[in-house]
Structure formats: C-alpha cells, structure tokens
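Residue numbering for the sequence shown follows UniProt numbering, starting at 1 and increasing by one per position.
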Amino acid sequence: MTDRLSESADSIEAGEYDAAQQLLAAGYDRQLALYMEVYRTAVTADLERVEQRQALFAETAALQGRYAERLSAYRSVATDYESAVEADDRERAQRRARDLQNITGDLRRIERSLVPRYEELRETTDGSVETANGIVSATTADRTRQTAARVESTYTATEVTAEASPSGSFADPIRLTGRLTAAGTDPPSGNVSFRVNGKTVTTTIEPDGTFVLPYRPVTANEGPAQVSLTYAPGDAALYLPSQTTVSTRITQSTPSLSIESSSVRASAGSSVTAAGGVTVDGVPVPNASVSLRVGERALAETRTDDTGTYRFDTRLPANVSAGTRTLSVSVGRAGTALVPVSEDAELTIEETPTRLTLSAVRSKGVVNVAGRLVTDAETGIGGEAVVVSVDGERRSTVQTAADGNYQATVELSNATNASSAVSVRAEFNGGDTSLSSAAVSAALTPPGEGALIDARTLTLALAVGLVTILVGGLTVYRYRRDGDSSGGLPTDAVQPTSTDPAVVAVPLVTDGDESGTNTDASPGPERPEDTHD
C-alpha cells in the first residue's frame, strides 16, 4: 500500500499527473480490502482499530490523488498564463494569475492534510512514505514561489498614503485620512478592505481614491503610537497590497462592564458560567480581552465579539477552597487604551466528598503502594498530593495522575524487613481546596506470620465469634430436635483460606472506622463598524 503511494509521488515529481492518479484509483480499493482482511486476522480484531486503519489509507490516497489533479490543473492554467503574457494580453494574464493563486491555495490546504497522515503511516507501517512526503512538500513550495512571481509581475501595484489626527481614544476615535492609488490605472473604489494594526476593516473609497477611516483603539498601549495601515485586496481584486504607517497618540477610555448572568453554585469539576457586555459611552467594544477569576484564582480569558459581548463556560479547578467566594470579571489593563475595571458576583463553592483507596504489597525490603483518589461519583481526581507514611513516619509524597491513580515504592529498614510488622497509611489533605480530606491504612504482617488485626478489630471478631457460637448452639438444638441424621458441612459453606502476608496487605482500615477491613476510605468531614485593534 505504501509502495503505491510512493510510486504515485514519483509520478507527481515527473509531471505524470494522470499516472499518479491511476496508481491510487485502479485496483487500489481492492488491494486495500485484501490488506484489511490480513490486518484483521494477523494484527487485531478490534473493529474500531481496523476501521481507523482502513480510513487512514483511503483518506491518504484520496488526498494524494486530489493533489495530482490540482497540479494538472495548475499546469494547464500556467500554460495559458504564459500564452497571455506573450500576447501582451494583460487582462487575461491577470485572470490566469488569480486562478493560479486559487489553485496554489488548494495545494497548500491538501499538503497540510497529507503531512500528518504520512507521519502516522510512517510510525505504524514498515513501508516508507518518506518519498511521498518529501515530494509533496517540495512541489507545494515550488508552486507557491512560481505563483508569487507571476502575481507580482501581472497584478497592478498600489500605494496607500495616510495621516492621523494628533490623538484619540475609543470614546473619541482617531481619524485616519488617506488615499489609495494604482499604477497606470484607476484605483479600487467602493467598499475596500484595510488592515489597521492587523485587524481587517472595511471602508468606502471614493473614485479619486480618498477615504476616511475612524480608528478606535482597544488593546494598544497608551501614549505615542505607530498605527499600521495596509490595503488588503480580496481574492477577486487584481491589485497588489500596499502598506503605510501613521503616528498619533492614544489616550484612555473607561469602559462599562456588566455581568448579566453567572453561576451561583459550583463544585470541583463543575461548570462556571458568566456572560455580559463591554461598552464605552454606549458603544460596544469588540476584541476586548476579558478575564474571569474566583477569589485569587484565574479561571479563563476570552475576547468580546463584534457586539461587545463576552461569554465564559469553564470548569472549576479543585484548588479553590469551599465557601462563599467572589466571582470577578475584568476588562482593560493599566497603560492601555482601556482603563481596567471589574465587576463581581457571589459564587458558593460546595465541598466535594472524596474517597482514597490503597493497595500495599510487601516484597524484598520494600512496600509497593498504589491506589486512587476519586470523588463520591467515582471520578478520578488528578494533580493532588497523596502522602504515604510507614509506621507513622512520612516517607513519600506523590501526585495523582489525571485519572486519580497514584503509586509509590517505600524502602524498609533491614530490621523491619526481617522481623517487624508495619503499618502503611495514605492521606490526602483537602485543605485549601474544595475537596474533603481522605485517608486509608493497611497493616502488613512480618514474613511468615498471619494477618495483623488491631485491638478494635479483634474485639469485633470476638463479638462476632460469640454470636456465631450462640447461633451454632441453636442450630445443634434444632438439629437434634428435628432428628436430622445428615452429617458434614452444608454444601454452600465457605472454608477459610490462608493468606501470604508478604504479598497481600490486610486489613485495610479507614479513618472513619478503624474496625473495618475495607480497601477504601470514606469521605472526610464535610466542607458599529469602526476600526478596533
């Protein structure tokens, strides 16, 4: 399959575009079907993986075939372009140069889609697609250079001149007055696009090329400023772009910021929303940077749309402590065109119960510890610290992975390893977060001995034994009374089994109930059409 892709690329390099397409058309689908049968049998029966693999080969071939087709069209249009230039037919040459621009754009887009697919094939397939990757990249770069040269020599050059009012702000827009001219012909007129400090705006150009453009600074720095003004012709315009720079001074405006709606309650991992608008003297402010915070924690940033509206919908991190907190929305920054302002709303952060599990395995002088930190809904909690202690001494602090899992290896002393029982404890401290604390412990016996049970566990066992004796006596009484002559254990009785203490940790005890033998801990205690930059 990869050989076909490489052979097709060789044909592309040789300019044999029909042959390049044929290699990825005639028989390719049948060969792909045969390959997928082998893949299903020899590699994996996972239907999802099989479908992904098949789609990768099919999409790569389709894109490379389309690439060859666009190259064939490029060659045809380029031939007509050269013919128009030789005939001194400037209008036809300009049209063909524009067509070459459009085809070149297609080639760049196809290349951007092909390259990651080539990379995936290279990483997962023995066959090489380096040849195809290199040829496509080199061919695209070559056609881009050719097109730029043809456009440069064929399109009409332009020149833009302008001046700005001495100063201005968002509230009092800077007035850009200018003129656009074209070499040897009439300039563009009507609605024309410019870029002011990188932002595209549209204005009307008079037949003599003059225009007026109001500029409302939003993110630019306060004080003396250089404003870049660029004529940006559209795809259909047969003109070259031109650029100039004007000097002015930017003064500040004080925006009005509103919070029209916001979340009132949230917990770790839940959605926090806020929406509102930014205006200056009633005029919506587009492209303004707006930030969202809860207390001292920055949550998100966004920009206002063309109507001055902002919206937030982000997840609350666990590192915000529970309680009543201030949700703040702010806009503007010191030293820029907009004075910084903020608005607040109240947000109640609810405590999220957590649970910690622990598995401790003693082997060859070490204890291997693993477990998971989860919410009461079994959602893993990542990025939190779990402290592992042995016999009450803190020995390791580990971070939970994204799914809440953690693991650590703790060395034991020679004396402990040889003859002593050890207790292992894992703790999560939810202080300074909205998560409740959790802890879990395990008692590990010395090698060769049975499981250790603490005093309260032993008391519970004795109590259970007493009840068992009483129930057993009652059973014997009923047995004798009923005259049942069958012997032995009932068929559903479960026999006790021995446990290797060097491998399995028992019992596991939670903070909340040290008499239990669970392997996880219960939750801890509750807690207008103007120009803008």
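Glycine included, C-beta positions come from ideal geometry on N, C-alpha and C.
Keep in mind it's a predicted model, so treat the numbers as computed, not measured.
Through-space distance from residue j to residue i, alpha-carbon basis
i	j	result
serine 441	threonine 314	36 angstroms
leucine 347	glycine 282	28 angstroms
alanine 164	alanine 232	19 angstroms
residue 543	leucine 71	Absent from the model: residue 543. The displayed extent of the chain is 1 to 533, so no value can be given.
valine 196	proline 214	10 angstroms
arginine 425	threonine 397	12 angstroms
tyrosine 118	glutamine 226	44 angstroms
serine 359	glutamate 427	13 angstroms
proline 116	glutamine 54	16 angstroms
glutamate 13	glutamine 22	15 angstroms
glycine 295	serine 270	17 angstroms
glycine 223	proline 166	11 angstroms
glutamate 206	serine 189	6 angstroms
proline 340	threonine 254	8 angstroms
threonine 210	alanine 237	18 angstroms
tyrosine 67	isoleucine 103	10 angstroms
asparagine 319	glycine 404	15 angstroms
valine 422	leucine 435	29 angstroms
isoleucine 135	valine 410	55 angstroms
valine 387	glutamate 350	24 angstroms
leucine 176	leucine 257	28 angstroms
threonine 219	threonine 304	12 angstroms
alanine 171	proline 217	9 angstroms
Three-state secondary structure (DSSP) of residue i
i	result
phenylalanine 211	strand
serine 289	strand
phenylalanine 194	strand
phenylalanine 312	strand
asparagine 319	coil
leucine 229	strand
aspartate 99	helix
proline 116	helix
glutamate 37	helix
threonine 2	helix
residue 550	What is shown of the chain runs 1 to 533, which leaves residue 550 out entirely.
arginine 333	coil
alanine 502	Only weak support is given to the placement of alanine 502: the predicted model assigns it a pLDDT of 33, under 50, and the value that follows is read from those uncertain coordinates. Alanine 502 falls in the coil class under three-state DSSP.
leucine 347	strand
threonine 139	helix
glutamate 69	helix
valine 85	helix
tyrosine 406	strand
alanine 438	strand
glycine 431	coil
leucine 474	Note on leucine 474: pLDDT 36, under 50, position unreliable in the model; no value is reported.
valine 374	strand
glutamate 48	helix
alanine 182	strand
valine 77	helix
leucine 24	coil
alanine 298	strand
Per DSSP, cross-strand counterpart(s) of residue i
i	result
glycine 223	Ile250
isoleucine 259	Gly276
arginine 92	Answer is none; arginine 92 lacks a bridge partner.
phenylalanine 57	According to DSSP, phenylalanine 57 bridges with nothing at all.
serine 342	Ser330
lysine 199	Val196
threonine 399	The sequence shown places glutamine at residue 399, rather than the threonine named in the question. In DSSP, glutamine 399 forms a bridge with Ala385.
proline 284	Thr279
tyrosine 239	Thr156
isoleucine 12	Answer is none; isoleucine 12 lacks a bridge partner.
asparagine 368	Val361 and Thr409
arginine 303	Ser289
7 angstroms CB neighbourhood of residue i in its chain, flanking five on each side removed
i	result
asparagine 191	Thr202 and Thr204
glycine 65	Gln21, Leu24 and Ala25
glycine 335	Asn221 and Glu222
alanine 385	Thr397 and Gln399
glutamate 123	none
leucine 299	Val272, Leu292, Arg293 and Thr314
6 angstroms CB neighbourhood of residue i in its chain, flanking five on each side removed
i	result
aspartate 186	none
serine 6	Thr131 and Ala132
valine 85	Ala93
leucine 63	Ile110, Ser113 and Leu114
proline 284	Thr307 and Gly308
Beta-carbon contacts of residue i that lie in its chain and below 8 angstroms, excluding the five residues immediately before and after
i	result
glutamine 243	Val160, Ser228, Leu229, Thr230 and Tyr231
- Message: So, does the region 234 to 247 touch the region 255 to 264, judging by three or more C-beta pairs under 8 angstroms?
- Response: The region 234 to 247 vs the region 255 to 264: no contact.
- Specify whether the region 318 to 336 and the region 272 to 290 touch according to this definition: at least 3 beta carbon pairs, one from each stretch, less than 8 angstroms apart. Result yes; three or more Cβ-Cβ pairs closer than 8 angstroms.
- So, do the region 381 to 392 and the region 366 to 373 have three or more beta carbon pairs nearer to each other than 8 angstroms? The region 381 to 392 makes contact with the region 366 to 373, as at least three CB pairs between them are under 8 angstroms.
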